[in-house]
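In terms of full-length UniProt numbering, the sequence shown opens at residue 1 and continues consecutively.
Glycine residues also receive a C-beta, built at the ideal position from the N, C-alpha and C atoms.
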Amino acid sequence: MLKAYKYRIYPNKDRKIQIAKTFGCCRFVYNQTLAYRKETYRKEKKPVSRTDCNNYYVQSVAIRIQAQKLRQIA
């Protein structure tokens with residue numbers, strides 16, 4: 001049996017901005033990883049593992065340069 005819990009939050013203005021930045025960063029990382037997976041599959045015709053995606057993200061200089069905006073959250 002599946003259960004779900006729903007919680008309502010009432011963030012103030014500052015928290016709304018922080019939440020929007022966080023989701024924006026998550027969306028950026030997800031889209032970059034998805035593009036990598038699609039490109040790799042198209043070239044090599046084999047699925048990409050989660051470990052490969054993690055290694056790609058850590059080693060990719062281009063993403064690191066673009067990801068400097070992610071540091072605004074920290």
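Residue i by DSSP, collapsed to three states: which one?
| i | result |
| --- | --- |
| residue 58 | helix |
| residue 15 | helix |
| residue 34 | helix |
| residue 20 | helix |
Roughly how many whole angstroms lie between the Cα atoms of residue i and residue j?
| i | j | result |
| --- | --- | --- |
| residue 45 | residue 10 | 46 Å |
| residue 26 | residue 52 | 18 Å |
| residue 35 | residue 41 | 10 Å |
| residue 31 | residue 50 | 15 Å |
Starting from the Cα of residue i, find the closest Cα among the options and give me that residue.
| i | options | result |
| --- | --- | --- |
| residue 57 | 41, 8, 13, 28 | 28 |
| residue 48 | 37, 23, 55 | 37 |
| residue 70 | 22, 6, 39 | 22 |
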